[in-house]
Amino acid sequence: MSLQGKKIILAITGSIAAYKTPQLVRLLVKAGAEVQVIMTESAKDFVSPLVLATVSKRDVFSSVSNGAHWNNHVHLGRWADLLLIAPCSANSLAKMANGLCDNMVMAVYLSAICPVILAPAMDEDMWLHAATKANLEKVQSFGNEVIPVEHGELASGIIGAGRMAEPEAIQEHLESFFEKKTKVHPASSLKALVTAGPTYELLDPVRFIGNFSTGKMGIALAESLAEKGIEVTLVLGPSKEKVNHPLIKIVNVVSAEEMLQACLKVYNAADITICAAAVADYRPVEKAPEKIKKGSEDSFHLELVKNPDILATLGRMKRENQVLVGFALETNNELEHAQKKLESKKANMMILNSLRKEGAGFGHDTNQVEILQKNKEIISLPLQSKAEIAKSIVDCILSIHKNDA
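Going by UniProt numbering, the first residue of the sequence shown is number 1, and it counts up by one from there.
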């Protein structure tokens with residue numbers, strides 16, 4: 001795919017890798033893109049603005065307070081289809097992570113309403129430093145995309161990781177990015193609801209009843225649906241996992257009751273609903289207003305009440321054209337219990353998770369499941385990454401929706 005008609009801002013920061021940017025500009029322009037170059041003052045030490053202006057056929061901006069053009073950062077942030085920061089130095093990465101605005105590149109970054117992709121460049125020791133890793137994770141959590149660094153000879157003479165990706169690789173990455181955005185999928189008109197993660201039922205201000213769910217499986221399902229072009233509402237219990245996809249709207253909840261209410265708000269509009277959250281079955285009758293102190297007694301009695309059954313509630317409300325999928329996490333008589341749950345909850349599909357299988361269940365990046373459907377043979381998926389498991393499950397769901405939802 002070409003970059004025909006795409007408006008791209010190339011933001012250059014102070015790194016020796018800036019010497020590669022004239023070639024990058026040439027490639028992007030040749031592919032049909034309109035390229036506007038901006039740069040920091042320190043970037044001028046590594047590449048000439050005149051060269052960049054010549055190959056881009058546009059003036060290069062490096063100052064926020066440039067006479068009549070003082071507000072260019074706002075206009076550029078609204079003009080572009082994409083902001084590409086390449087090279088992105090360790091210093092600029094730290095500024096991005098903390099919202100600092102002391103140069104043209106940072107001003108445009110903070111003003112941009114378009115997607116942002118960065119290509120880091122630094123020496124290996126800087127790349128591997130804990131502070132850099134933390135900054136990178138923080139910037140990615142904002143929804144920005146990172147082009148992986150390459151391994152090779154660095155400016156210091158060391159052989160290692162930290163090289164900025166080559167211009168040809170960056171061009172390919174951008175073309176792939178725009179291809180994903182514009183690709184129309186048959187399922188792109190659908191909407192989905194996914195629950196993920198645990199629920200916490202508070203005992204007092206510092207304690208809760210919960211479980212070991214991380215939300216990885218549910219998040220993988222949400223991302224797999226989104227990759228098909230489906231608009232997803234992800235109702236997410238307490239989780240440290242990161243979610244980055246423009247088609248996923250996250251609704252954060254804590255308790256089972258909060259999760260149910262969040263689901264009810266969007267369920268009627270959902271074509272597909274996947275209940276992958278590990279919801280607490282019980283909650284305390286009441287939450288203590290202050291921390292419960294340890295008394296002299298040898299035992300402590302806690303009165304619990306049943307939580308709402310989210311899957312069963314949605315099953316009772318289900319329309320013919322909706323697909324409802326549940327998860328059954330079992331430790332014994334797995335298939336029997338999962339089959340009963342499939343029928344009693346009025347679901348179209350039940351995903352059986354067994355905690356007895358190594359590498360499956362809570363906390364792992366892998367999983368191994370059985371897919372149960374009404375009047376159909378059980379599909380057994382071998383141990384593999386949760387992302388691959390999610391793709392297979394989503395393919396089965398879309399088949400159901402197409403044929404007999």
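Using N, Cα and C, we set each Cβ at its ideal position, and we do this for glycine too.
Since the model is a prediction, treat every value here as computed from it, not as a measurement.
The DSSP-derived three-state label of Lys-44 is helix.
Per DSSP, the beta-bridge partners of Arg-283 are Val-305. Beta-bridge analysis with DSSP links Gln-384 to Asn-367. A distance below 9 Å separates the beta carbons of Ala-360 and Ser-354.
DSSP places Ala-86 in no alpha helix (DSSP H) but in the uninterrupted beta strand (DSSP E) bounded by 82-88.
Burial of Asn-103 is indicated by the presence of at least 16 other C-beta atoms within 10 angstroms of its C-beta. Lys-216 counts as buried, since at least 16 other C-beta atoms from the protein chains shown sit within 10 angstroms of its C-beta.
In this structure, the straight-line span from the alpha carbon of Glu-201 to that of His-173 is close to 44 Å. Under the DSSP assignment, Asn-375 falls outside any beta strand (DSSP E); it carries neither an H nor an E label.
Contact between Glu-124 and Leu-154 holds: CB atoms are separated by about 6 Å, below the 8 Å threshold. For His-151, the pairing in a beta bridge is given by DSSP as Ala-161.
Scanning Gln-261, Asp-395, Asn-333 for the CA closest to the CA of Thr-195 turns up Gln-261. Under the three-state reduction of DSSP, Leu-27 is assigned to helix. Per DSSP, the continuous beta strand (DSSP E) segment holding Ala-192 begins and ends at 191-196. Considered as a whole, the stretch 190-267 harbours 216-227, 256-266 as its complete alpha helix (DSSP H) runs of no fewer than 4 residues, in chain order. For Thr-13, no beta strand (DSSP E) run applies, since DSSP gives it neither H nor E. Leaving aside the five residues that flank Ala-80 on each side, the residues in its chain whose CB is nearer than 6 Å to its CB run, in chain order, Lys-7, Ile-9, Cys-114. In the three-state reduction of the DSSP assignment, Gly-326 falls in the strand class.
Beta bridge pairing from DSSP links Ala-270 with no other residue. With a 10 Å radius around the Cβ and a threshold of 16 neighbouring Cβ atoms, Asn-375 comes out exposed.
Scanning Ser-299, Asn-144, Met-122 for the CA closest to the CA of Ala-18 turns up Met-122. Three or more Cβ pairs drawn from the stretch 288-295 and the stretch 204-211 lie within less than 8 Å of each other, which places the two stretches in contact. For Met-350, the beta-bridge partners assigned by DSSP are Gly-326, Leu-372. Where Glu-137 is concerned, the enclosing alpha helix (DSSP H) starts and stops at 130-141. Where Leu-50 is concerned, the enclosing alpha helix (DSSP H) starts and stops at 49-56. Residue state for Cys-101 is assigned as coil, using DSSP reduced to three classes. When C-alpha distances from Ile-400 are compared across Val-325, Lys-345, Ser-344, Leu-381, the shortest belongs to Val-325. For Gln-339, the uninterrupted alpha helix (DSSP H) segment begins and ends at 334-344. Looking from the CA of Met-349, the closest CA among Glu-377, Ala-387, Leu-372, Ala-222 belongs to Leu-372.
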